[in-house]
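>
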Amino acid sequence: MTPFAEGIVNELRPLPTHRLTAIVEMARLEAAARQHVIERYAGWPLLPQPEFAHLRDVGPWLFAASSESCLQGQYDFHCDLTECTSDAICGWLISALPPPDLAEHLSQATVAQGPDGATYLLRFHTELAFPVLHARRDLPGIADWLAPIRSWWVVSPHPERKAWRHFAGYDKPSLRGVSTIELDASCWKALAGDPLSYRLADQLLEPLTRSGMHENCHGTRLGLVRELLAQAHRLGLSRQSDKIDYVTLMALQGKSLQGSPIWNEALQEARDQGRPLAQALQLRMRKKGA
180 MTPFAEGIVN
190 ELRPLPTHRL
200 TAIVEMARLE
210 AAARQHVIER
220 YAGWPLLPQP
230 EFAHLRDVGP
240 WLFAASSESC
250 LQGQYDFHCD
260 LTECTSDAIC
270 GWLISALPPP
280 DLAEHLSQAT
290 VAQGPDGATY
300 LLRFHTELAF
310 PVLHARRDLP
320 GIADWLAPIR
330 SWWVVSPHPE
340 RKAWRHFAGY
350 DKPSLRGVST
360 IELDASCWKA
370 LAGDPLSYRL
380 ADQLLEPLTR
390 SGMHENCHGT
400 RLGLVRELLA
410 QAHRLGLSRQ
420 SDKIDYVTLM
430 ALQGKSLQGS
440 PIWNEALQEA
450 RDQGRPLAQA
460 LQLRMRKKGA
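Using the working numbering, read the sequence shown as starting at 180 and increasing by one per residue.
#1: Determine contact between the region 199-218 and the region 266-274, defined as no fewer than three beta-carbon pairs at a distance below 8 Å.
#2: Report the start-end ranges of each beta strand (DSSP E) in the region 279-309 that is 3 residues or longer and not cut off at the edges.
#3: Counting C-beta neighbours from all protein chains within 10 Å, is the total for Gly453 16 or more, i.e. buried, or is it exposed?
#4: Assign His257 to one of three DSSP states: helix, strand, or coil.
#5: Distance, Cα to Cα, Asp373 vs Ala409?
#6: Under 8 Å by Cβ, that's how I've got Val333 and Arg340 pegged, so tell me the actual separation to the nearest angstrom.
#7: Can you tell me which of Gly252, Ala369, Glu230, Ala184 puts its alpha carbon nearest to the alpha carbon of Val290?
#8: Using DSSP with H/G/I as helix, E/B as strand and the rest coil, what is Cys249?
#9: Going by the beta-carbon positions, is the gap between Val216 and Phe242 smaller than 8 Å?
#10: Please confirm if the region 421-438 is in contact with the region 289-307, defined as three or more CB-CB distances below 8 Å between the two stretches.
#11: Let me confirm a value: Thr298 is counted as buried when at least 16 other C-beta atoms fall within 10 Å, else exposed. Which label applies?
#12: Report all residues from its chain with a CB closer than 8 Å to the CB of His337; omit the five preceding and five following residues, and keep chain order.
#13: By Cβ distance below 6 Å, which residues in the same chain neighbour Ala206 in space, the five residues on each side in sequence not counted?
#14: Buried or exposed for Ala469, going by 16 or more other Cβ atoms inside 10 Å?
#15: Using a Cβ-Cβ cutoff of less than 6 Å, which residues in the same chain neighbour Trp442 once the five nearest sequence positions on both sides are dropped?
#16: Return the bridge partner residues of Ser335 from the DSSP annotation.
#17: What are the partner residues of Pro224, as DSSP defines its beta bridges?
#18: Take Cys396 and list the residues in its own chain whose beta-carbon comes closer than 6 Å to its own, dropping the five residues that flank it on each side.
#19: Excluding the 5 residues flanking Arg213 on each side, which residues of the same chain have their C-beta closer than 8 Å to its C-beta?
#20: Between the Cα of Gln419 and the Cα atoms of Gly438, Leu375, Arg405, Leu460, which residue gives the shortest distance?
#21: Rounded to whole angstroms, what's the CA-CA distance from Arg463 to Glu448? Just pull it up for me.
#22: Using only alpha-carbon positions, find the residue among Thr196, Pro386, Pro294, His412 that is nearest to Ile360.
#23: Can you tell me the Cβ-Cβ gap for Pro327 and Leu362, rounded? I've got them flagged as a contact below 8 Å.
#24: Which same chain residues, not among the five before or five after Phe183, have their C-beta less than 7 Å away from its C-beta?
#25: Could you give the C-beta distance for Tyr425 and Leu456, rounded to a whole number, given that I count them as a contact under 8 Å?
#26: Provide the residue span of the alpha helix (DSSP H) that contains Leu407, from first to last.
#27: Could you give the DSSP three-state label for Val426: helix, strand or coil?
#28: With H, G and I counted as helix, E and B as strand and the rest as coil, what does DSSP make of Ala201?
#29: Answer yes or no: do Ala288 and Trp240 have a C-beta to C-beta separation smaller than 8 Å?
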């Protein structure tokens with residue numbers, strides 16, 4: 180049993196009326212895998228609204244073990260779903276609200292009012308959005324959304340392993356229904372995050388898979404990208420193209436490049452003379468091979 184699974188089981192043990200559920204980002208699964216998960220577990224789409232019909236099958240779904248599941252059954256559900264969906268799991272929840280009702284409740288939080296008064300799709304389940312929203316429980320609708328939740332774990336970006344971060348809800352299953360979530364300008368800006376990190380994390384999926392990276396989940400890639408972007412900043416690389424090159428090269432060839440003279444020289448030339456980093460490295464590698 181992993182430490183994370185043990186923590187979930189220990190929380191569930193004295194709570195016979197509470198159930199474990201998981202939010203799965205279906206877009207991260209192949210079509211056959213999506214169908215397998217839907218057939219194997221009880222599941223509910225979190226985008227049931229007619230206007231989201233085109234997103235429903237590939238959007239977030241809430242899954243649960245059977246209603247008769249004992250503690251062992253809920254642990255088995257955790258293990259089986261993890262094996263079946265792997266990188267697609269975005270969150271684990273514990274609530275006394277029955278899963279069908281919980282799914283209906285959560286679906287009401289998938290739309291929010293922006294600072295401009297317009298209505299937007301709110302992907303509250305992501306590793307970027309959830310911590311931002313949880314920290315802004317003062318905003319209209321957010322406390323309502325968290326009311327029936329006892330515990331919620333979301334992926335926490337980590338460069339070496341899949342990590343989960345715990346957040347507490349209010350554990351009040353009688354409080355169902357979400358009033359309109361209203362985002363202010365500060366929250367809106369925080370939800371925008373750093374698009375470059377997410378783009379690079381997605382772009383590195385296949386190259387890192389081919390390279391044999393053992394722990395190649397979205398959270399791990401995102402953690403690695405953020406760590407490498409921070410390194411690039413400390414090294415004085417200011418152009419976005421150089422940051423992208425730095426992250427890509429270090430993620431895929433870091434062991435061979437780190438500390439080598441040609442790498443250090445290329446970094447210095449990119450920083451001090453403005454030559455693109457990848458070009459500076461390529462020129463030195465050609466000279467070395469000549």
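Ideal Cβ positions, reconstructed from N, Cα and C, are used throughout, including at glycine.
Considering the structure as presented:
#1: Contact holds: three or more Cβ-Cβ distances are below 8 Å.
#2: 290-292, 298-300
#3: exposed
#4: helix
#5: One C-alpha to the other measures close to 12 Å.
#6: About 15 Å separates the two Cβ atoms, so there is no contact after all.
#7: Residue nearest to Val290 within the set Gly252, Ala369, Glu230, Ala184 is Glu230 (criterion: CA-CA distance).
#8: In the three-state DSSP reduction, Cys249 falls in the coil class, being neither helix nor strand.
#9: Cβ atoms of Val216 and Phe242: closer than 8 Å.
#10: no
#11: exposed
#12: So the list reads Gly398, Thr399, Gly402, once near-sequence residues are dropped.
#13: Val237
#14: Residue placement at Ala469 cannot be trusted, given a pLDDT of 49 that sits under 50; what the coordinates show is reported in the next sentence. Flag for Ala469 reads exposed.
#15: Leu436
#16: Ala342
#17: Trp240
#18: Asp266, Lys341
#19: For Arg213, where only same-chain residues beyond five positions count, the Cβ hits under 8 Å are Met205, Asp236, Val237.
#20: Leu375
#21: The straight-line gap from Cα to Cα measures roughly 11 Å.
#22: Minimum Cα distance to Ile360 is reached at Pro294.
#23: Rounded, the Cβ-Cβ distance is 21 Å, inconsistent with contact.
#24: Here the set comprises Trp343.
#25: 6 Å
#26: 397-413
#27: helix
#28: Ala201 falls in the strand class under three-state DSSP.
#29: Result no, Cβ atoms of Ala288 and Trp240 do not sit closer than 8 Å.
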